[in-house]
Amino acid sequence: MARREEAVRSQLRQPLPPLTTIPGARFVHPNTRRDRVDQRFLFEWSKFEDDVNAFFSQVALDGLRVLLNDTAADHVIVGSDSGVSGRFYQHVGHVVGKAWACSEIDGLRNFRFHDAQIDRQFRHLWFQGEMGAPDFIVSLVDGADTSARIVGVLGTPWALSLEVGRDHLKVPMGQLAGYMRSLRLKYGVLSTYDYTVFVNRTDDYRFELSPALHHTAQRPSVRQCFFYLGHLASTSTYTFNESSDFDMDLLSMPASVARSMSQPSPFPADWQTSGGPTYEEGSRETVVSLVSKFSANSILYGREDTPTGVVECKRIVRKGDLGKLVLEGKWLGVDVIVKFWPDRIWDALWNRYGFERELDSYAELEGSRYIATLLDYGNVILANKLQNGRIIILKKEPGEAFSNKMWEDFSDREKRVFRQELVKAHNFLRSHDLQQGDPRKDNILWNRKDQTIKLLDFEFLLPVDEDEPLDQSEHCQVTNILDMNIWV
502 MARREEAVRS QLRQPLPPLT TIPGARFVHP NTRRDRVDQR FLFEWSKFED
552 DVNAFFSQVA LDGLRVLLND TAADHVIVGS DSGVSGRFYQ HVGHVVGKAW
602 ACSEIDGLRN FRFHDAQIDR QFRHLWFQGE MGAPDFIVSL VDGADTSARI
652 VGVLGTPWAL SLEVGRDHLK VPMGQLAGYM RSLRLKYGVL STYDYTVFVN
702 RTDDYRFELS PALHHTAQRP SVRQCFFYLG HLASTSTYTF NESSDFDMDL
752 LSMPASVARS MSQPSPFPAD WQTSGGPTYE EGSRETVVSL VSKFSANSIL
802 YGREDTPTGV VECKRIVRKG DLGKLVLEGK WLGVDVIVKF WPDRIWDALW
852 NRYGFERELD SYAELEGSRY IATLLDYGNV ILANKLQNGR IIILKKEPGE
902 AFSNKMWEDF SDREKRVFRQ ELVKAHNFLR SHDLQQGDPR KDNILWNRKD
952 QTIKLLDFEF LLPVDEDEPL DQSEHCQVTN ILDMNIWV
């Protein structure tokens, strides 16, 4: 059979073929990472698409030809991360890699997509346990030596929505930023194959994100954008070196926590949280002396063994299984709810995942009127009435836990408003491809004065099951007295 060839420019311009999936057969791998980049550090990469188009109007690709791939359609059905990764390598990595290999641009001929284990620098970090594995790296390859230039994270389009905007990318950006930091790279990529976002780190606390490009995009296409990003990374500016005073905790810190840290310290004036003693530097008695003015109901908490805050507990609101507690208290003068996980259950993977899932959820969904405000979190360092463990501190929102008795007291109008608010709240979660896994009545807070709802308890937040409509999942578990004919 005669070999068919196609112009490089034409092949780069083509959109990606759509993924083929079967609903109900799409696996979601739970993400237990707590890395994040707060939304206030995510910015628009202005004129990214215009720059790509301008580059391709000038770059010398005419006359260059490569063997033609059958890329008009895809004949593989995918249902997992590895399946999506395979199609990405085939339709992006292979095609763009061939174009780089035959280009006449200095430095691009030896650019290659590869998995992370090929990179020597990554292998060192990985074996030391300092990082997980990114899904792909683009490197300048010289024999057995590789020089990483771009790092990427892939997700599945049914579990990760990149098109919803920068405000909702804190968690995937946290994962990508961790790889960019470890490899000291300026450029990164987030992709679900269906959508792709290109990232340019321009300052310690500034990550610029391109618009989310759909796989059908043209002028520019996803392949053209990768080719262009390779061109940028082929220059001497592909590395990013952080300032000596860079604070990773600030990068991941929700705005509400950052604001609280600017308030006066609750500790004695001669001791500041940024320079206070740790268990390595001083004895437990030293820490006790620092909080001697606090009551027996105080909890000293922090990151690892370094104290960062104190919360005063008033009463136990709820006792959960395995020693978990929900408490009411005060934090920097604010009424708060404290959720506590004891260390003795920490070795159980599901309990560790529950804490991390809850923490991620409040941070990711921050700012919604349906979600309580996350104030802080940490390890319990010293507490008179608690074991060691982990806590999450939430602003105490006005309202009462929903109950059958409350429903009986509702007027017809209030029942109708409650139904509408409940639908809107769960639809908000579903817009983030999430649904509440434990939607009991007491996990709904109803403010009768303002007629508003807050959803509580995100330990068991799950990916949306598209085969399970809203009125057959979350709502039917909440109560059987709601008239399903009135959903809006």
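Per the numbering used here, the sequence shown runs over residues 502 to 989.
Beta carbons are placed, not taken as given, at the ideal position from N, Cα and C, and that holds for glycine.
Since the structure is predicted, the reported quantities are computational estimates derived from the model, not experimental observations.
Item: Short CB-CB distance (under 9 Å) between residue 709 and chain B; Value: Structure shown: chain B not included; a single protein chain is present.
Item: Classification of residue 913 by the beta-carbon crowding that lies within 10 angstroms, buried from 16 upward; Value: exposed
Item: Where residue 817 falls, given that 16 or more other Cβ within 10 Å makes a residue buried; Value: exposed
Item: Local conformation of residue 880 per DSSP, three classes; Value: strand
Item: For residue 664, the first and last residue of its enclosing alpha helix (DSSP H); Value: No alpha helix (DSSP H) contains residue 664, which DSSP labels as neither H nor E.
Item: Enclosing beta strand (DSSP E) for residue 959 [first to last residue]; Value: Per DSSP, residue 959 belongs to no beta strand (DSSP E) and is neither H nor E.
Item: Where residue 937 falls: helix, strand or coil (DSSP); Value: strand
Item: Endpoints, the alpha helix (DSSP H) within which residue 449 is located; Value: It is not possible to answer for residue 449, since the shown part of the chain is limited to 502 through 989.
Item: Whole-angstrom distance between residue 910 and residue 617, CA atom to CA atom; Value: 60 Å
Item: Span separating the alpha-carbon of residue 782 from that of residue 556; Value: Since pLDDT at residue 782 reaches only 35, below the 50 mark, its modelled position is unreliable, and the value read off the structure follows with that caveat. Going from the Cα of residue 782 to the Cα of residue 556 covers about 56 Å.
Item: From 732, 513, 864, residue whose alpha carbon lies closest to that of residue 539; Value: 864
Item: Where the alpha helix (DSSP H) containing residue 891 begins and where it ends; Value: Run containing residue 891: none in the alpha helix (DSSP H); it sits in the beta strand (DSSP E), 890 to 896.
Item: Per-residue burial, residue 790 [other beta carbons within 10 Å of its own, 16 or more giving buried]; Value: Its pLDDT being 43, under 50, residue 790 is placed unreliably by the model, and the measurement read from it follows with that caveat. Looking at its Cβ environment, which holds fewer than 16 other Cβ atoms inside 10 Å, residue 790 is exposed.
Item: First and last residue of the uninterrupted beta strand (DSSP E) at residue 813; Value: 807 to 820
Item: Buried or exposed by the 16-neighbour rule on C-beta atoms within 10 Å, applied to residue 587; Value: exposed
Item: Alpha-carbon to alpha-carbon, residue 541 and residue 868; Value: 12 Å
Item: Residues bridged to residue 903 [DSSP beta-bridge criterion]; Value: Answer by DSSP bridge pairing: none, since residue 903 is not bridged.
Item: Counterpart residues of residue 831 in DSSP-defined beta bridges; Value: 813, 836
Item: CA-to-CA distance, residue 926 to residue 665, given in whole angstroms; Value: 17 Å
Item: Best match in 732, 956, 600 for proximity to residue 929 [C-alpha to C-alpha]; Value: 956
Item: Helix, strand or coil at residue 744 according to DSSP, with G and I counted as helix; Value: coil
Item: Counterpart residues of residue 652 in DSSP-defined beta bridges; Value: 638, 689
Item: For residue 830 and residue 812, believed in contact at Cβ under 8 Å, the rounded distance; Value: 5 Å
Item: Inter-residue CB distance, residue 873 and residue 801 (contact presumed, cutoff 8 Å); Value: About 23 Å separates the two Cβ atoms, so there is no contact after all.
Item: Burial state of residue 944, where buried means 16 or more other Cβ atoms lie within 10 Å; Value: buried
Item: Within 9 Å, strictly: CB atoms of residue 726 and residue 550; Value: yes
Item: Beta-carbon spacing of residue 562, residue 508 below 9 Å; Value: yes
Item: Residue 739 - DSSP class collapsed to helix/strand/coil; Value: coil
Item: Straight-line Cα distance separating residue 710 from residue 837; Value: 35 Å
Item: Spatial distance of residue 730 from residue 694 (CA atoms); Value: 17 Å
Item: Per-residue DSSP class, three states only, for residue 552; Value: helix
Item: Assigned exposure category for residue 672 - 16 Cβ within 10 Å defines buried; Value: buried
Item: Top-ranked residue by Cα proximity to residue 543, from 651, 708, 722, 699; Value: 708
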